[in-house]
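Engineer: My questions all concern the structure below.
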Amino acid sequence: MRLSESKIKTKKRIEIEEESKGLAYLLRANFIEKLTSGVYNYLPFGLRVIRKIEKIVREEMERIGGQEILMAALHPKSLWEQTNRWEAFDALFKVQSRYGQWYGLGPTHEEVVTPLAKNFIFSYRDLPLYLYQIQTKFRDEPRPKGGLMRTKEFLMKDLYSFHTDEKDLDWYYEKVKKAYLKVYKRCGLKPIITEASGGTFSKFSHEFQVLTEKGEDTIFLCANCGFSRNKEIMEGKKCPVCGKKIESYSAAEVGNIFKLKDKYSRSLDLKYIDQNGEEKYVLMGCYGIGISRLLSVISEVLSDSKGLVFPEEIAPYHYIILPLYTGRRDTDKKITKFSEEIYQLLKDHQKEVVFDDRKNVSIGEKFNDVDLMGIFYRLVISEKTLSKKRIEVKKRNSPNLKYLSKNELINLKK
RNA sequence: CGGGACGUGGUGUAGCGGCAACAUGCAUGCUUUGGGAGCAUGAGAUCACCGGUUCAAAUCCGGUCGUCCCGACCA
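In this text, residue positions in the first sequence follow the working numbering: the first is 9, and each later residue adds one.
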């Protein structure tokens, strides 16, 4: 991609109101743009990162047997009445058609996935079943917060599992936990698994919490045994496991998993016939990862004083080529020619590469943009590198410069 | 939904009864190029909206809408 063709320029100034540097960088780099309170647009670079996070999530979901589907966002009122959540789920957006029918805008999909599963689940032979989707969710939040942290419209991955018995549900629940940890690890995060309340979903749940001052949760963590529980359900100052003192931390939730058991299979009547011919309720689990919130937390935690410092797997691009001109026409022509050559070379090798071919933009400004946007490798083509027939390479997360040949560049490993 | 703050060129702000200003961004030209360059010229705002007070309102008063922050609520 040629940056001169992008037309979407970074902003020099940080919005004064933004207290979170991660959010300020996302806005300055034009990864996202606010449409109205709690509602955001995703611009080309931000969307690339979102798509990469989604790719990681999809790979890890497929690895534990998840099959991707895409459910409707517009839900009939009747289904939500069956589970009593038309009234009980406060944040449900309710819309009425001009002919009078009421719909809910999907904030979660138990009401849709359970009836859907009835088409396929009749016998114990039809279980287990794992279905997931990545979709825009709607929640009528009274107070959106922290940019993408809490919004009225957000991207979420939701996985639903269906089982014959608790043993199987428990086993899969642990499997999902591990898969989630892999997702976060690939995104450069190390969340803490925390016991939490289940809200309208179930009695208890587990949350994946990333320690950050910008988080809106407070969690208790035992330094001795690692036990962790959300403040909302914790009493006392001692660890219930080992009895040692616990400390409190502010944290941001990036995932939440629930054992729904028969809660929704009862209200929506999802049964199967077991080996003995007996009719039983299917047991369910649901597992969510807020994709857009994940981008927000990653930006907050993985950034420095200049901008975003993403892992290679989720960086918006892997390479950016910066020609460094001298002001002398002949030399500059050669610099342009060599830059174009390197750009073509990387493209030919299917590398994700940006060519910063903007004219009349100083090298300082270009350096700042690379740092702001978190592009993984910065390649400078200058008079100096030209004479050596090498390319200057700098990683975003390191101050060191390396001078590589074309071959070495193509075969760069982390 | 309670409490607080704030709405002024694209963006960020100053002005707080008397000619609407600054920075940045934008346009044109020249000079620049190892960390957000310099000079010159130029375009761009019915000061959120509605009403009131006044000789005179961006400025004071009332209302509406919107945004942000703190609570309550929540992925």
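Note that CB positions come from ideal geometry on N, CA and C, so glycine has one too. On a predicted model such as this, the values are computed, not experimentally measured, just so you know.
1. So which of Glu320, Arg21, Ile58 has the shortest CA-CA distance to Ser304?
2. Where does Leu278 fall in DSSP's three states?
3. Comparing alpha-carbon positions, which option in Lys421, Cys250, Phe146, Tyr168 lies nearest Ile265?
4. Tell me whether Met79 sits in a helix, a strand or coil according to DSSP, three-state version.
5. With DSSP collapsed to three states, give me the class of Asn238.
6. Can you have a look at Ser313 and say buried or exposed, based on whether 16 or more other CB atoms are within 10 angstroms of its CB?
7. In or out: Trp179 buried (at least 16 other Cβ within 10 Å) or exposed?
8. State the start and end residues of the unbroken alpha helix (DSSP H) segment that holds Tyr192.
9. Since Ile201 sits in a beta bridge, which residues does DSSP pair it with?
10. Give the C-beta separation of Ala37 and Met381 to the nearest angstrom, bearing in mind that I take them to be a contact with Cβ-Cβ under 8 Å.
11. Could you check whether Gly263 and Ile297 sit closer than 7 Å to each other, using their CB atoms as the reference points?
12. Helix or strand or just coil, what does DSSP make of Thr226?
13. Kindly list the residues whose CB is nearer than 6 Å to the CB of Val378, restricted to its own chain and excluding five residues on each side of it in sequence; keep chain order.
14. Hey, quick one: how far does the alpha helix (DSSP H) through Lys341 stretch, first residue to last?
15. Taking the alpha-carbon positions, what's the Glu391 to Val369 distance?
16. Among all the DSSP beta bridges, which residues are the ones paired with Ile265?
17. Closest by CA to Val103, which one among Leu332, Gly114, Leu310?
18. Where does the unbroken alpha helix (DSSP H) through Met9 begin, and where does it stop?
19. Taking C-alpha atoms, which residue in Arg194, Ile77, Glu416 lies nearest to Leu310?
20. So which of Phe363, Ile64, Lys396, Arg56 has the shortest CA-CA distance to Leu189?
21. As a quick exercise: from Gly293, Ala231, Leu139, pick the residue whose alpha carbon is nearest that of Cys250.
22. DSSP three-state label for Glu95, please.
23. Would you mind reading off the limits of the alpha helix (DSSP H) that contains Gln90?
24. Could you give the residue range of the beta strand (DSSP E) that holds Pro123?
25. For Ser307, which three-state DSSP category applies?
26. Can you have a look at Leu409 and say buried or exposed, based on whether 16 or more other CB atoms are within 10 angstroms of its CB?
27. Using only CA atoms, which one of Leu139, Pro199, Asp148, Gln143 lies nearest to Arg71?
28. Indicate whether the contact test is met: 3 or more Cβ pairs, each with one atom in the region 146-162 and one in the region 221-230, closer than 8 Å.
29. Mark Lys160 as exposed unless 16 or more other C-beta atoms lie within 10 angstroms of its C-beta, in which case mark it buried.
30. Using DSSP's beta-bridge definition, name the partner residues of Thr144.
31. Mind checking whether the beta-carbon of Ala96 lies closer than 6 Å to any heavy atom of the ligand SAM?
32. Entirely within the region 348-421 and at least 4 residues each: give me those alpha helix (DSSP H) ranges in chain order.
33. When DSSP labels each residue in this structure, what does Glu41 get in the three-state scheme?
34. Below 8 Å on the Cβ atoms is my contact criterion, and I expect Gly30 with Glu149 to pass it. Report the Cβ-Cβ distance as a whole number of Å.
35. Within 10 angstroms of its Cβ, does Lys141 collect 16 or more other Cβ (buried), or is it exposed?
36. Given this structure, state the Cα-to-Cα distance separating Asp365 from Arg404, to the nearest angstrom.
Structural biologist: Checking against the coordinates, here is how it stands:
1. Shortest Cα-Cα distance from Ser304 to any of Glu320, Arg21, Ile58 involves Ile58.
2. Taken through DSSP and simplified to helix, strand or coil, Leu278 comes out as coil.
3. Closest by alpha carbon: Tyr168.
4. Coil at Met79, not helix or strand.
5. The answer is strand: DSSP assigns Asn238 an E or B state.
6. Exposed is the call here.
7. It counts as exposed.
8. It spans 174-194 - the alpha helix (DSSP H) in which Tyr192 sits, taken as one unbroken run.
9. Beta-bridge partners assigned by DSSP to Ile201: Phe216.
10. Confirmed, Cβ separation roughly 5 Å.
11. Result yes, Cβ atoms of Ile297 and Gly263 sit closer than 7 Å.
12. The answer is strand: DSSP assigns Thr226 an E or B state.
13. Contacts found: Ile328, Arg386.
14. Membership of Lys341 in the alpha helix (DSSP H) is indicated by the continuous run 337-356.
15. Cα atoms of Glu391 and Val369: separation of roughly 18 Å, rounded to the nearest angstrom.
16. Note: Ile265 sits in a beta bridge opposite His214, Tyr295.
17. Checking every option, the nearest Cα to that of Val103 belongs to Gly114.
18. Met9 -> no alpha helix (DSSP H), and no H or E assigned at all.
19. Nearest option by C-alpha distance: Arg194.
20. With respect to the C-alpha of Leu189, the residue from Phe363, Ile64, Lys396, Arg56 having the closest C-alpha is Ile64.
21. Comparing Cα positions, the closest option is Ala231.
22. It is helical.
23. For Gln90, the enclosing alpha helix (DSSP H) covers residues 85-90.
24. That residue, Pro123, is in no beta strand (DSSP E); its alpha helix (DSSP H) goes 118-125.
25. Ser307 falls in the helix class under three-state DSSP.
26. Taking every protein chain shown into account, the CB of Leu409 has fewer than 16 other CB atoms within 10 angstroms, so this residue is exposed.
27. Check the Cα spacing between Arg71 and each of Leu139, Pro199, Asp148, Gln143: the tightest is with Leu139.
28. With the cut-off at 8 Å, the region 146-162 and the region 221-230 touch.
29. When all chains shown are included, Lys160 counts as buried.
30. Thr144 pairs with Leu163.
31. Absent from the structure shown: the ligand SAM. Ligands present: none.
32. Secondary structure remark: continuous alpha helix (DSSP H) runs of at least 4 residues inside the region 348-421, in chain order: 371-381, 391-396, 414-418.
33. Strand.
34. Contact doesn't hold; Cβ gap of about 20 Å is too wide.
35. Reading off the sequence shown, one finds Gln at residue 141, where the question assumed Lys. It is buried - the Cβ of Gln141 has at least 16 other Cβ atoms within 10 Å.
36. Looking at the two C-alpha atoms, the distance is approximately 20 Å.
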